[in-house]
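Novice: Residue numbers (UniProt numbering): 1 to 333.
Ideal Cβ positions, reconstructed from N, Cα and C, are used throughout, including at glycine.
As the structure is a computational prediction, the values presented were derived from the model and not from experiment.
Have a look at this one before I ask anything.
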């Protein structure tokens, strides 16, 4: 491994001069700076994390708080994580993954101890108990999600309220007169997870506005749970003809159970979902869907962090508008 001493020898300068060129802490003549930079390139020198931290008073690390829970769909979570990691590397940052359930104080702990320069937080609740602490953290914090009380916080997310409204409207506009929302694991609602609550609010707001009969059902993964949920959803008294599914983990099981019951999609039952595009496209029956833009949200979250690190930038909230792709799984009645 090439060292700073070898760079200094190659450029004919002191090691402190090389450090000043790297950190920008002192003015160095353009000729000397150019010589040092040429030596860095010629030798293939890469400052290690410790040297960068000492030079800049920064760790070059982002903390990513994403508690891993049994009710989460890990493939979707990992899409967010991989997007954040890849985007951070573009800024020469590493990512410290914090997977334990993080209560108040976690963001302050990792930034105050110089473990991370900034924090990105996922798994945001509507009434998130971390909000007061996050406002007091002396480092940039960005939420992927939006608590009800988000004043003074930087947040980025899909506009789940609009997504719920659009999916209900999509079925209503095709003549469906009784629809159902199959939502996330019951614990997601019990915990007050923000995205689930906002989608539910949008769905119920639209069905109420249209005076459209609609039922709501939470569903745990597993064939028995899915079968029991469908027994409720498809009870003859309901007359359900269209499903909005906000639960990526059960989509494959749901389609298999419908097939077992000899129900055709969309001939007998229309289905629209919210999930990543690749999942909706590659199911046994490709589903009309609103995309979960995990890649885009991860990139924007990192960009927002970097903007706040570089400038005294005011907090902002960015909600991405839903993008609906029709794959033919919803029929007109």
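#1: For residue 125, which of helix, strand or coil comes out of DSSP?
#2: Leaving out the 5 sequence neighbours to the left and right, which residues in its chain are closer than 8 Å to residue 133 when beta-carbon positions are compared?
#3: Just to confirm before moving on: does the CB-CB distance between residue 285 and residue 333 stay below 8 Å?
#4: Starting from residue 288, trace the alpha helix (DSSP H) in both directions and tell me its first and last residue.
#5: Considering only residues of the region 245-328, which uninterrupted beta strand (DSSP E) runs meet the minimum length of 3 residues and lie entirely inside it, listed in chain order?
#6: Roughly how many angstroms separate the alpha carbons of residue 19 and residue 139, rounded to a whole number?
#7: Distance, Cα to Cα, residue 147 vs residue 320?
#8: Could you spell out where the alpha helix (DSSP H) holding residue 2 opens and where it closes?
#9: Please give me, in chain order, every unbroken run of the beta strand (DSSP E) with length at least 3 that falls completely inside the region 159-218.
#10: Suppose you measure from the CA of residue 193 to the CA of residue 30; what does that come to, to the nearest Å?
#11: Taking 8 Å as the limit between beta carbons, can you name the residues of its chain near residue 330, skipping five residues before and five after?
#12: If we count the other Cβ atoms within 10 Å of its Cβ and call it buried at 16 or more, is residue 223 buried or exposed?
#13: Quick check on residue 59: buried or exposed, where buried means 16 or more other Cβ atoms within 10 Å of its Cβ?
#14: Can you find the residues in the same chain that come closer than 6 Å, C-beta to C-beta, to residue 93, ignoring five residues on each side of it along the sequence?
#15: For residue 341, collect the residues of the same chain with a Cβ closer than 7 Å to its Cβ; drop the 5 residues on either side in sequence, then sort them by chain order.
#16: Measuring CB to CB, does residue 125 end up less than 8 Å from residue 191?
#17: Roughly how many angstroms separate the alpha carbons of residue 3 and residue 45, rounded to a whole number?
#18: Hey, would you say residue 65 sits closer than 8 Å to residue 121, going by beta carbons?
#19: How long is the line joining the alpha carbons of residue 152 and residue 308, rounded to whole angstroms?
#20: Do you know whose CA, among 141, 264, 280, 156, lies nearest residue 111's CA?
#21: Taking only three categories from DSSP, how would you classify residue 220?
#22: Just the Cα atoms here: how many angstroms apart are residue 317 and residue 143?
#23: Can you tell me whether DSSP reads residue 153 as helix, strand or coil?
#24: Relative to the alpha-carbon of residue 250, which residue among 218, 114, 304, 311 has its alpha-carbon at the smallest distance?
#25: For residue 123, count the other beta carbons within 10 Å of its own beta carbon; 16 or more makes it buried, fewer makes it exposed. Which is it?
#26: So residue 301 and residue 84 are in contact, right, with Cβ under 8 Å, and what is the actual spacing, rounded?
#27: Between which two residues does the alpha helix (DSSP H) containing residue 77 stretch?
#28: Find out if the Cβ-Cβ distance for the pair residue 96, residue 74 is shorter than 8 Å.
Specialist: Per the coordinate set shown:
#1: Mapped onto the chain shown, residue 125 falls at position 125. Three-state DSSP puts residue 125 in a strand.
#2: Translated into positions along the chain shown, residue 133 becomes position 133. Once the five neighbours on either side are set aside, the close Cβ partners of residue 133 are 104, 105, 107, 108.
#3: What you label residue 285 is simply residue 285 of the chain shown in a count that begins at 1. What you label residue 333 is simply residue 333 of the chain shown in a count that begins at 1. Contact: no.
#4: For the purposes of this step, residue 288 is identified with residue 288 of the chain shown, where counting begins at 1. Segment 288-291 is the beta strand (DSSP E) holding residue 288; no alpha helix (DSSP H) there.
#5: 270-275, 288-291, 317-320
#6: Indexing the chain shown from 1 puts residue 19 at position 19. Indexing the chain shown from 1 puts residue 139 at position 139. Distance between the alpha carbons of residue 19 and residue 139 is about 25 Å.
#7: Here residue 147 is taken as the residue at index 147 of the chain shown, counted from 1. Here residue 320 is taken as the residue at index 320 of the chain shown, counted from 1. Between residue 147 and residue 320, the C-alpha separation is close to 16 Å.
#8: The count along the chain shown starts at 1 and reaches residue 2 at position 2. First-last for residue 2: undefined, no H or E at that position.
#9: 179-183, 214-218
#10: The residue given as residue 193 occupies position 193 in the chain shown. The residue given as residue 30 occupies position 30 in the chain shown. Distance between the alpha carbons of residue 193 and residue 30: 54 Å.
#11: The sequence position of residue 330 within the chain shown is 330, counting from 1. Counting only Cβ-Cβ distances below 8 Å, and skipping sequence neighbours, we find 170, 171, 174, 242, 266, 270, 271, 272, 288.
#12: Taking the first residue of the chain shown as position 1, residue 223 is located at position 223. Exposed is the call here.
#13: Locating residue 59 in the chain shown gives position 59, counting from the first residue. Counting Cβ neighbours within 10 Å, residue 59 comes out buried, since at least 16 surround it.
#14: Translated into the one-based positions of the chain shown, residue 93 becomes position 93. Within the same chain, residue 93 has close Cβ partners 60, 62.
#15: Residue 341 is absent from the structure shown; the chain starts at 1 and stops at 333.
#16: Residue mapping note: residue 125 aligns to position 125 of the chain shown, counting from 1. Residue mapping note: residue 191 aligns to position 191 of the chain shown, counting from 1. Closer than 8 Å, so yes.
#17: Position 3 of the chain shown, counting from 1, holds the residue named residue 3. Position 45 of the chain shown, counting from 1, holds the residue named residue 45. For residue 3 and residue 45, the distance between alpha carbons rounds to 7 Å.
#18: Within the chain shown, residue 65 is the residue found at index 65, counting from 1. Within the chain shown, residue 121 is the residue found at index 121, counting from 1. Yes, they are a contact pair.
#19: One-based indexing of the chain shown puts residue 152 at position 152. One-based indexing of the chain shown puts residue 308 at position 308. If you take the alpha carbons of residue 152 and residue 308, they lie about 13 Å apart.
#20: Residue mapping note: residue 111 aligns to position 111 of the chain shown, counting from 1. Taking only the C-alpha atoms, the option nearest residue 111 is 141.
#21: Translated into the one-based positions of the chain shown, residue 220 becomes position 220. In this structure, residue 220 counts as coil in the three-state DSSP scheme.
#22: Looking up residue 317 in the chain shown gives position 317. Looking up residue 143 in the chain shown gives position 143. Taking the straight line joining both Cα atoms gives about 9 Å.
#23: Indexing the chain shown from 1 puts residue 153 at position 153. Residue 153 falls in the coil class under three-state DSSP.
#24: To locate residue 250, count along the chain shown from 1; it is residue 250. When each option's Cα is compared against that of residue 250, the closest is 218.
#25: For the purposes of this step, residue 123 is taken as residue 123 along the chain shown, with counting starting at 1. Classification for residue 123: buried.
#26: For this step, residue 301 is matched to residue 301 along the chain shown. For this step, residue 84 is matched to residue 84 along the chain shown. Indeed they touch by this definition, with Cβ atoms about 6 Å apart.
#27: For the purposes of this step, residue 77 is taken as residue 77 along the chain shown, with counting starting at 1. Run containing residue 77: 74-89, per the alpha helix (DSSP H) assignment.
#28: Residue numbering aside, residue 96 sits at position 96 when the chain shown is read from its first letter. Residue numbering aside, residue 74 sits at position 74 when the chain shown is read from its first letter. Not a contact, by the Cβ cut-off of 8 Å.
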